[in-house]
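> If you're matching positions, the sequence shown starts at 38 in our numbering and goes up one per residue.
Every residue gets a Cβ at the ideal spot worked out from N, C-alpha and C, and that includes glycine.
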Amino acid sequence: MKKSTYISSEKVLGDKNNDINENSTFQIIFEQSPISTQIFSPGGTLLKVNKAWVKLWGAKFEDVKGYNILKDKQLIDLKIMPLIKRAFNGEVLDLPPVKYEPNKTINDVSKIQFRWTKALIYPIKDSKERIQKVVLVHEDITEQKLNEQKLIESEERFRALIEKSTDAVQLVSPTGEILFTSESIKNVLGYTPEELKGLGVAPFMHPDDLEYFSSKIQELLKNPKKHIIMQYRVKHKDGSWAWLETTGVNHLNTPYINALVGNFRNITDRKKNEEDLRYQKSLLEAQRELSPEGVLVVSPDGKMVSYNKRFVKMWKFSEKLINIGEDQLALEDATKKLIDPEKFIKRVKQLYKEQKADFEELHFKGGRIFDRYGAPVVGEDGTNYGYVWFFQDVTKRKQLERQKDDFISIASHELKTPVTSIKSYAQVLELKFKKEGNEKAAELLSKMDAQVSKLTNLIGDLLDVTKMDTNSIHFNNTQFSFDELVEELVEEMQRTTEKHELILKGKTNKTINGDRDRIGQVLTNLISNAIKYSPHTRKIIIQSSIKKSAIYFSVEDFGVGIPKNEQDKIFERFFRTSGPGKETFPGLGLGLYISREIIKMQGGKLWVESKIGQGSKFCFTLPIKQNRNETLKNISAGEELKQG
Ligand code: ADP
């Protein structure tokens with residue numbers, strides 16, 4: 038130690054009457070001591086610090102000149118002021134570890150943010166027991182404290198990790214005794230680690246899995262440090278069986294562990310999902326096999342991924358072709374069997390490309406007929422899984438339909454002649470009775486004639502349908518006045534009903550070229566429907582006009598109306614509905630089918646506008662002149678009118 042330092046220290050101390058100050062040996066020891074030391078006056082003012090203090094706190098004595106320990110607010114906050122005061126009253130004391138921040142006491146005094154210190158504080162007294170100075174010696178324990186804290190933090194992190202983990206860890210002795218279980222066992226099986234400690238594993242096992250589990254444990258015992266995965270059921274705290282997936286490792290010879298270590302998670306939900314999936318799959322397979330239809334699923338890359346036996350049988354595919362499983366080969370083979378293979382192939386390719394659903398009738402060379410349905414298989418998220426085909430052999434059904442049509446055709450044909458004769462006889466008889474003055478008999482015969490007329494109409498409808506199906510209907514086209522036909526028929530129909538008022542509006546003033554009887558048949562059908570389907574309202578408006586150089590005709594009633602979803606169906610053969618109150622109206626469901634066909638064949642268009650409960654308006658258009666170009670023009674005019 039240089040003298041100058043000594044002198045300057047002395048100067049700082051500046052108390053020439055003090056024993057300590059005069060003891061230069063003490064000064065040297067004080068200065069050179071590696072232990073941070075401060076000396077205070079009995080009033081608490083800092084008198085001197087040593088080098089170690091400067092190093093520890095990163096401040097010089099000059100920086101803290103005037104500091105009084107007894108007024109240090111930070112020490113009050115740290116709750117050690119009472120101890121310090123006791124030292125100033127004469128006691129020797131150890132101060133507990135505190136975290137001291139120098140800059141909190143004097144702004145910007147040091148670059149050091151904080152230090153953890155333990156301290157010894159003791160008074161120095163003179164011979165008369167009077168306190169001369171108080172000495173404070175610090176021990177820097179910052180590093181130790183920080184390490185401790187890090188340890189605590191990492192322990193806490195580790196604990197949180199294990200506790201929050203969905204996996205639980207268990208240490209088990211070779212005899213199956215549970216040595217340790219992590220807290221997370223609560224999440225996995227509902228137990229607390231304490232509840233399990235010291236118990237055996239076996240009582241928790243599902244009896245059916247015990248043998249499997251034992252064999253796995255044997256495997257573990259034989260293979261130190263090898264990871265062995267096992268799945269088995271154990272009893273959950275709530276009494277249910279939980280599926281566990283455990284990774285076991287034999288650490289019997291690993292120092293500090295010396296146990297079998299199991300890391301397990303609850304996979305009950307996963308198992309249940311797997312089971313559901315298996316169930317769904319078998320259900321689907323059963324459905325597919327039991328289906329009366331042939332089913333084929335083609336993957337997006339053209340592989341036949343799934344099909345049923347019926348599909349193979351229907352198409353008479355060879356085993357070899359099926360084993361190869363290429364859709365392309367099946368398509369090639371199929372074309373050899375079809376009457377129009379080009380159309381089929383073209384359509385299939387287009388459907389694969391456009392990923393659309395579609396229906397088609399397939400005709401085979403031997404006479405078989407299949408209904409073919411196809412639809413893309415698309416997952417909820419839009420993933421494309423390929424295309425599914427359904428084939429239904431409808432050969433028999435088609436045959437029966439043809440037989441039925443033949444029967445209707447023959448029966449109605451055969452019925453027509455005798456019924457016409459009955460009608461003539463009835464009319465002759467009615468005249469005869471009228472002449473003889475037998476009014477009663479004449480009236481009965483007139484009623485009979487009306488009923489026979491209905492029968493004739495029904496037979497006529499049936500005959501017409503068969504004619505339309507076989508394209509054998511003939512038209513007798515002539516020039517006639519449309520307005521006259523309408524007036525004639527409205528007058529005739531008005532005579533059949535007292536309840537309704539047929540209101541005729543508008544005129545066309547046109548002569549048209551067409552089949553007068555067939556067009557008359559349509560008018561009669563529309564007006565009689567309007568009467569039939571408006572039993573509780575009176576008005577029926579019949580209107581003729583010219584729109585876009587075509588006849589535009591409509592029959593409007595204010596009766597039961599037609600629901601939107603049935604407005605297309607009513608034009609199908611044999612389609613009938615009951616009224617809104619489920620009342621039934623007589624009829625075969627053929628009139629509108631026949632009417633639409635007639636109007637179509639006469640170059641026009643027929644449609645309906647209707648609201649349920651408010652009534653219906655049936656409209657048609659007809660070309661005024663009937664040549665091919667005009668017909669086409671009028672069809673499109675009808676389309677425009679319908680849309681407009
Ligand atoms: P039918 O009247 O003999 O049943 P149609 O072919 O003439 O056969 O009519 C088919 C169906 O259309 C009828 O059953 C009826 O449900 C419905 N329909 C036809 N005209 C009307 C109308 N003016 N008002 C309400 N529904 C009608």
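What is the residue span of the beta strand (DSSP E) that PRO133 lies within?
Along the sequence shown, read from residue 1 onward, the residue named residue 133 stands at position 96. Run containing PRO133: 130-137, per the beta strand (DSSP E) assignment.
> Hey, quick one: how far does the beta strand (DSSP E) through GLU646 stretch, first residue to last?
Numbered from 1 along the sequence shown, position 609 holds the residue referred to as residue 646. Element bounds for GLU646: 642-648.
> So who's on the other strand from PHE517, going by DSSP bridges?
Counting from 1 along the sequence shown, the entry for residue 517 is found at position 480. Answer by DSSP bridge pairing, in chain order: ILE549.
> Taking only the alpha-carbon atoms, compute the straight-line gap between THR154 and SER191 and give it to the nearest angstrom.
In the sequence shown, counting from the first residue as 1, residue 154 sits at position 117. In the sequence shown, counting from the first residue as 1, residue 191 sits at position 154. Those two C-alpha atoms are separated by around 23 Å.
> Can you find a heavy atom of ligand 1 that lies under 7 Å from the Cβ of GLY650?
The sequence position of residue 650 within the sequence shown is 613, counting from 1. Not under cutoff, so the answer is no.
> To the nearest angstrom, how far is the alpha carbon of PRO211 from that of THR291?
For the purposes of this step, residue 211 is identified with residue 174 of the sequence shown, where counting begins at 1. For the purposes of this step, residue 291 is identified with residue 254 of the sequence shown, where counting begins at 1. Cα to Cα, the separation comes out at about 13 Å.
> GLN639 to PHE519, Cα distance in whole Å?
In the sequence shown, the residue the question calls residue 639 occupies position 602. In the sequence shown, the residue the question calls residue 519 occupies position 482. Taking the straight line joining both Cα atoms gives about 14 Å.
> Taking the alpha carbon of ASP109 as the point to measure from, which residue in GLY596, GLY80, GLU128 has its own alpha carbon closest?
One-based indexing of the sequence shown puts residue 109 at position 72. Nearest option by C-alpha distance: GLY80.
> For ligand 1, any of its heavy atoms closer than 7 Å to the Cβ of ARG555?
Here residue 555 corresponds to residue number 518 of the sequence shown, with the count starting at 1. Every heavy atom of ligand 1 is 7 Å or more from the Cβ of ARG555, so no.
> CA-CA distance, LYS40 and GLN64?
Counted from its first residue, the sequence shown places residue 40 at position 3. Counted from its first residue, the sequence shown places residue 64 at position 27. Its pLDDT being 34, under 50, LYS40 is placed unreliably in this model, and the coordinates cannot settle the point.
> Measure the alpha-carbon distance for HIS288 versus PRO244 and round it to whole angstroms.
The residue labelled residue 288 in the question sits at position 251 within the sequence shown. The residue labelled residue 244 in the question sits at position 207 within the sequence shown. HIS288 and PRO244: Cα-Cα distance of roughly 27 Å.
> Look at the alpha carbon of TYR462 and the alpha carbon of ALA487, and state the distance between them as a whole number of angstroms.
Counted from its first residue, the sequence shown places residue 462 at position 425. Counted from its first residue, the sequence shown places residue 487 at position 450. For TYR462 and ALA487, the gap between their C-alpha atoms comes out near 13 Å.
> Within the same chain, show all residues whose beta-carbon is closer than 8 Å to that of ARG610, passing over the 5 residues directly before and after it, in chain order.
Position 573 of the sequence shown, counted from the first residue, corresponds to residue 610. So the qualifying residues of the chain are VAL502, GLY626, LEU627, TYR630.
> For ASP204, tell me which candidate among SER483, GLN464, LEU157, ASN300 has the shortest Cα-Cα distance.
Looking up residue 204 in the sequence shown gives position 167. Considering only alpha carbons, the answer is ASN300.
> Using a Cβ-Cβ cut-off of 8 Å (strictly less than) and excluding sequence neighbours within five positions of GLY416, which residues of its own chain qualify?
Residue numbering aside, residue 416 sits at position 379 when the sequence shown is read from its first letter. These residues qualify, in order along the chain: TYR422.
> In the DSSP output, what is VAL426 paired with across the bridge?
Residue numbering aside, residue 426 sits at position 389 when the sequence shown is read from its first letter. The question names Val, but residue 426 is Trp in the sequence shown. TRP426 pairs with LEU333, GLY411.
> Just the C-alpha distance for ARG307 and PRO230, rounded to the nearest angstrom, thanks.
Indexing the sequence shown from 1 puts residue 307 at position 270. Indexing the sequence shown from 1 puts residue 230 at position 193. Straight-line Cα distance between these residues: approximately 25 Å.
> Does the beta-carbon of LYS491 have 16 or more other beta-carbons within 10 angstroms, so that it is buried, or is it exposed?
Taking the sequence shown and counting its residues from 1, the one referred to as residue 491 is at position 454. Its Cβ having fewer than 16 others within 10 Å, LYS491 is exposed.
> Heavy atom of ligand 1 less than 7 Å from the Cβ of ARG613, yes or no?
Taking the sequence shown and counting its residues from 1, the one referred to as residue 613 is at position 576. Under cutoff, so the answer is yes.
> Cα-Cα, which of ALA124, PHE217, LYS340 is closest to TYR293?
Here residue 293 refers to the residue found at position 256 of the sequence shown. Selected option, being the one with the closest Cα: PHE217.
> Counting Cβ pairs, one atom from each stretch, are 3 or more of them under 8 Å apart for the region 220-236 and the region 271-279?
Flag = yes, the region 220-236 and the region 271-279 touch.
> Report the residue from GLN651, GLU282, ASP408, GLY95 whose alpha carbon sits nearest the alpha carbon of HIS264.
By 1-based counting over the sequence shown, the position of residue 264 is 227. It is GLU282.
> With C-beta atoms as the reference, is TYR159 less than 8 Å away from VAL135?
In the sequence shown, residue 159 corresponds to position 122, counting from 1. In the sequence shown, residue 135 corresponds to position 98, counting from 1. No Cβ-Cβ contact shorter than 8 Å links TYR159 with VAL135.
> Put GLN268 into one of helix, strand or coil per three-state DSSP.
Within the sequence shown, numbered from 1, the residue matching residue 268 stands at position 231. The answer is strand: DSSP assigns GLN268 an E or B state.
> Heavy atom of ligand 1 less than 7 Å from the Cβ of LYS569, yes or no?
As a first step, residue 569 is located in the sequence shown; it is residue number 532 there, counting from the start. Yes, ligand 1 has a heavy atom inside 7 Å of this Cβ.
> Output the boundary residues of the beta strand (DSSP E) element that contains VAL238.
By one-based count along the sequence shown, residue 238 stands at place 201. That residue, VAL238, is in no beta strand (DSSP E); it is neither H nor E in DSSP.
> Under 7 Å from any heavy atom of ligand 1, does the C-beta of ILE11 make it?
Only positions 38 to 681 of the chain appear in this structure, which leaves residue 11 out of reach.
> So the beta strand (DSSP E) VAL206 belongs to, where does it begin and stop?
As a working mapping, residue 206 is identified with position 169 in the sequence shown. Residues 204-209.
> For SER73, which three-state DSSP category applies?
As a first step, residue 73 must be located in the sequence shown, where it is residue number 36. Reduced to three states, the DSSP call for SER73 is strand.
> If you compare alpha carbons, which of LEU93, ILE222, LYS170 is closest to GLU180?
The residue given as residue 180 occupies position 143 in the sequence shown. Closest option to GLU180, Cα to Cα, is LEU93.
> Can you list, in chain order, the residues of its chain whose CB lies under 6 Å from that of GLU593, leaving out five sequence neighbours each side?
For this step, residue 593 is matched to residue 556 along the sequence shown. Result list for GLU593: ILE578, LYS654, in chain order.
> Could you name the residues of the same chain whose beta carbon sits closer than 6 Å to that of GLN268, not counting the 5 residues immediately before and after it, in chain order?
Position 231 of the sequence shown holds residue 268. So the list reads GLU282, once near-sequence residues are dropped.
> State the beta-bridge partners of ARG302 as determined by DSSP.
Counting from 1 along the sequence shown, the entry for residue 302 is found at position 265. Answer by DSSP bridge pairing, in chain order: ASP204, GLU282.
> Mark TYR137 as exposed unless 16 or more other C-beta atoms lie within 10 angstroms of its C-beta, in which case mark it buried.
Walking along the sequence shown from the start, residue 137 turns up at place 100. Answer is buried; the Cβ neighbour count reaches 16.
> To the nearest angstrom, report how far apart ALA61 and THR142 are at their CA atoms.
In the sequence shown, counting from the first residue as 1, residue 61 sits at position 24. In the sequence shown, counting from the first residue as 1, residue 142 sits at position 105. Looking at the sequence itself, residue 61 is Ser, so the reference to Ala does not match. Answer to the nearest angstrom: the Cα atoms are 32 Å apart.
> Specify, as a first and last residue, the run of the alpha helix (DSSP H) that VAL502 falls within.
As a first step, residue 502 is located in the sequence shown; it is residue number 465 there, counting from the start. From DSSP, the alpha helix (DSSP H) with VAL502 extends over 476-506.
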